[in-house]
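Here is the structure we will look at, set down as structure tokens.
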Amino acid sequence: MSQPQNFDPQAYWRATLRLLVATLVIWFVVSFGAGILFRDALDTVRIGGYPLGFWFAQQGSIFIFVGLIFWYAKRMDKIDREHDVHEE
Amino acid sequence: MDLKTLTYIVVGLSFALYIGIAIWARAGTTKEFYIAGGGVHPIVNGMATGADWMSAASFISMAGLIAFLGYGGSVYLMGWTGGYVLLAVLLAPYLRKFGKFTVPEFIGDRYYSQTARIVAVICLIFISFTYVAGQMRGVGIVFSRFLEVDITTGLLVGMGLVFFYAVLGGMKGITYTQVAQYVVLIFAYTIPAVFISLQISGNVFPQLGLGGHTGEMYFLDKLNQTVTDLGFAAYTAGNKTMIDVFCITLALMAGTAGLPHVIVRFFTVPKVHDARLSAGWALVFIAILYTTAPAVGAMARYNLHATVNTAVASGGDMFAPDASIEGETRPEWMKRWEKTGLVMWEDKNSDGRIQYYNDQSKDETVLAKAEAAGWAGNELGSKGKDGKFEGKVDNDIMVLANPEIAGLPDWVIALIAAGGIAAALSTAAGLLLVISSAISHDLLKGVFARNISEKGELAAGRIAAAVAVLIAGYLGYNPPGFVAQVVAFAFGLACASLFPTIVMGIFSKTMNRAGAIVGMLTGLSFTLAYIVYFKRDVLLGMSKVPDSEWLFGISPEGIGVVGMILNFAVAYLVMKLTPKCPDHIQHLVEGIRYPRGAGTAQAH
Chain U
1 MSQPQNFDPQ AYWRATLRLL VATLVIWFVV SFGAGILFRD ALDTVRIGGY PLGFWFAQQG
61 SIFIFVGLIF WYAKRMDKID REHDVHEE
Chain A
1 MDLKTLTYIV VGLSFALYIG IAIWARAGTT KEFYIAGGGV HPIVNGMATG ADWMSAASFI
61 SMAGLIAFLG YGGSVYLMGW TGGYVLLAVL LAPYLRKFGK FTVPEFIGDR YYSQTARIVA
121 VICLIFISFT YVAGQMRGVG IVFSRFLEVD ITTGLLVGMG LVFFYAVLGG MKGITYTQVA
181 QYVVLIFAYT IPAVFISLQI SGNVFPQLGL GGHTGEMYFL DKLNQTVTDL GFAAYTAGNK
241 TMIDVFCITL ALMAGTAGLP HVIVRFFTVP KVHDARLSAG WALVFIAILY TTAPAVGAMA
301 RYNLHATVNT AVASGGDMFA PDASIEGETR PEWMKRWEKT GLVMWEDKNS DGRIQYYNDQ
361 SKDETVLAKA EAAGWAGNEL GSKGKDGKFE GKVDNDIMVL ANPEIAGLPD WVIALIAAGG
421 IAAALSTAAG LLLVISSAIS HDLLKGVFAR NISEKGELAA GRIAAAVAVL IAGYLGYNPP
481 GFVAQVVAFA FGLACASLFP TIVMGIFSKT MNRAGAIVGM LTGLSFTLAY IVYFKRDVLL
541 GMSKVPDSEW LFGISPEGIG VVGMILNFAV AYLVMKLTPK CPDHIQHLVE GIRYPRGAGT
601 AQAH
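The listed protein sequences derive, respectively, from chains U and A.
Heads up: the first sequence is residues 1 to 88, going by UniProt numbering.
Heads up: the second sequence is residues 1 to 604, going by UniProt numbering.
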């Protein structure tokens, strides 16, 4: 595990944690927020035949999770490159 | 051709495929046996992870649970998918960088302790056997119903097959058979769903069909109206408290991320970058099934009501005497499934017709209407443990009998059988492999026989896998509770024990040996004790403790969250009171935080 030149581990880890927190906030909001805690309020809104909170709980959160992981992976690649610790 | 012959052909072809792949991909080295050589493409790995992780519970029981729980079933949908977000950001890339073979190995090295490694093995074995019992029961159900052999024979055939490709092929064999199994199970799941969605709301995508129209009304409104008229809880309202829904969802998410057989799949890809992407691909493949499941659940529920009460579809009076179907003319699928005990009919008011409603309803008007109509209790249910009528239809029937309920062609029914078996076998094989590698690599090579040769270790891994298959078979023959419930407990145990310990190992440089060990043991023992205490009626056959005694109103399925919090808290306290984490370990933690230099997994 040779450490790259001019690598600032603290700056890299700060950037990583920032992205991690952003990802987990979105994760929490779409599932626990929209699907559970604020479901009753969202259910008063309807999209087609779906009460909105119910839709988030049964489908919407899953679609967003998928997009979220790819977005995270892409942003992480960028952070890796900026700090020159990406894999060859 | 009759249904049975067709089913034998479809299932037989799928078996031939798995066996062929197993022979082609047999493992020759420990590296191939544990992590498939470490060169699996992220999309292939994602597909294998999907099959590995979508178990008999996902395939057979989940839609049924949703069908009867309605909104309450969302805990499984969000819980079993949201965990992949945690895996992608918290665990997979760092464990891949660490680059070893097993989860206990990471814990042992990170916490510089053989004791920690052994404790992790104990957690892993608890979790995996709890989980595998559910799979084997699933195999038994599918065989006994579709191939009309008794459960024991079904189990033996399933065990033989798993034995063949897990023992021979190790991780490499499993990876490629799982890809085949994924394809079988996803076709088996989505094809009936598409047909049923077309029948009910005319939409080819079940995901959209659920929100579509049936007749003049939105389908979900129609379903809500039907079930509430019969005294059940409204479908989109659900019947669990908010704190319980919250805790179960979180326990399933953290549990998913802490399940050893899922984590280990991320050791098989070439790079850290691939581990992140692979989590995304796994979720794509899983989401295809998981966004279909709510439609399958809701539509199966509707079809069941519409079958036993003709007024449901026509919009007439469901309490009219001739609305309930006659017992004599009940459909063929009911008669077939009555043999398994999953469906049972008891003519309580001796009118020769089947009345299906909630006789425990708190809605007085429903009960009054039922009484006026001469109904004397719910007459559709399943066979209970004592062999007598139980007033609730078994969850498992909703997917297995769904194509028959909807009147789909025989080849679709045969496909469901192959899919159910694929789901159960792929997960069982993944679990058996982590059990065998924990024993051969962590206990034998790591602790008791450090000088064992590569060949000896490989042989030990195979023997351990073989023994694990036998135990799994016994657990399937004599299962502690029904499929999804048992599986939910495995998640609670993983959530309370392995997940927090691994997360602390990556995100805290200072967490030390004593903290990790005491934390893990606290989380595991608390969660296990709570589950056994409140489920002692199912597990030990003792009298049931009332649900009103639940801690903070959290059910045994959700208690892993409290176990996880205890694990974190106890680990922190113990860390403060014991010698600090040595410097070289802090460097090791720093090293796993950036991706460069991951290389291929190191044998040692």
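No residue lacks a Cβ here, since even glycine has one placed at the ideal position from N, Cα and C.
These figures come from a predicted structure and were not determined experimentally.
Nearest CB-CB separation between Gln-10 (chain U) and chain A: not below the 7 Å threshold.
Distances from the alpha-carbon of Met-575 (chain A) to those of A:Thr-130, A:Gly-39, A:Met-520 put A:Met-520 closest.
Chain-order list of chain U residues neighbouring Ala-287 (chain A): Ile-62, Phe-63, Phe-65, Val-66, by C-beta distance under 8 Å.
In this chain, Lys-362 (chain A) is not harboured by any alpha helix (DSSP H), its DSSP state being neither H nor E. Taking C-beta atoms under 8 Å as the contact rule, Thr-177 (chain A) and Gly-70 (chain A) fail to qualify, at a distance of about 36 Å. Around the beta-carbon of Asp-80 (chain U), 16 or more other beta-carbon atoms lie within 10 Å, marking it buried. Any Cβ of chain A closer than 7 Å to the Cβ of Val-45 (chain U) would place that residue at the interface, and such an atom is absent.
Here Phe-32 (chain U) carries a helix assignment [DSSP, helix/strand/coil]. When secondary structure is reduced to three states using DSSP, Trp-281 (chain A) falls in the helix class.
Sorting A:Gly-560, A:Phe-534, A:Trp-411 by C-alpha distance to the C-alpha of Glu-549 (chain A) places A:Phe-534 at the top.
Residue pairing by DSSP puts Glu-390 (chain A) in a beta bridge opposite A:Ser-382. For Ile-421 (chain A), DSSP assigns no beta-bridge partner whatsoever.
Within the same chain, Cβ atoms closer than 6 Å to the Cβ of Val-245 (chain A) are found at Val-75, the five residues on either side in sequence being excluded. By a beta-carbon distance limit of 8 Å, Asn-402 (chain A) contacts Pro-192 (chain A). Their separation comes to about 6 Å. Straight across, the Cα-Cα distance linking Ile-125 (chain A) with Tyr-182 (chain A) is about 25 Å.
Cβ atoms of Pro-294 (chain A) and Leu-65 (chain A) stay farther apart than 8 Å, at about 11 Å. Chain U places no beta carbon closer than 7 Å to that of Ala-57 (chain A), leaving this residue out of the contacts.
With a 10 Å radius around the Cβ and a threshold of 16 neighbouring Cβ atoms, Thr-578 (chain A) comes out exposed.
When C-beta distances to chain U are compared with 7 Å, the residues of the region 67-90 of chain A below that value are Tyr-71, Ser-74, Leu-77, Met-78, Thr-81, Gly-82, Tyr-84, Val-85, Ala-88, Val-89, in chain order. Its chain contains Thr-226, His-305, Ala-306 as the residues whose beta carbon lies nearer than 6 Å to that of Val-312 (chain A), once the 5 sequence neighbours on both sides are disregarded; these appear in chain order. The beta carbon of Val-227 (chain A) sits no closer than 7 Å to any beta carbon of chain U. By the criterion of at least three beta-carbon pairs nearer than 8 Å, the region 494-510 of chain A is not in contact with the region 165-173 of chain A.
In the structure shown, Met-159 (chain A) falls within a helical segment according to DSSP collapsed to helix, strand and coil. Spanning the alpha carbons of Val-121 (chain A) and Ala-57 (chain U) requires a straight line of approximately 35 Å. The Cβ atoms of Ile-502 (chain A) and Thr-268 (chain A) lie no closer than 7 Å to each other.
Look at Glu-326 (chain A) here: in three-state DSSP terms it is strand.
A Cβ of chain U is located within less than 7 Å of the beta carbon of Ala-279 (chain A). Relative to Asp-109 (chain A), the option among A:Asp-442, A:Phe-129, A:Ala-468 whose CA is nearest is A:Asp-442.
When secondary structure is reduced to three states using DSSP, Thr-291 (chain A) falls in the coil class, being assigned neither helix nor strand. CA-to-CA, the gap between Thr-5 (chain A) and Arg-336 (chain A) works out to about 16 Å. Secondary structure at Thr-214 (chain A): strand, using DSSP grouped into helix, strand and coil. With respect to Leu-259 (chain A), Ala-488 (chain A) sits apart: the two C-beta atoms are not nearer than 7 Å.
In the displayed model, Pro-192 (chain A) falls within a helix according to three-state DSSP. Residue burial annotation: His-261 (chain A) is buried, with at least 16 other C-beta atoms found within 10 angstroms of its C-beta. Taken through DSSP and simplified to helix, strand or coil, Tyr-71 (chain A) comes out as helix. Within chain U, no residue has its CB atom less than 9 Å from the CB of Met-398 (chain A), the nearest being about 16 Å off.
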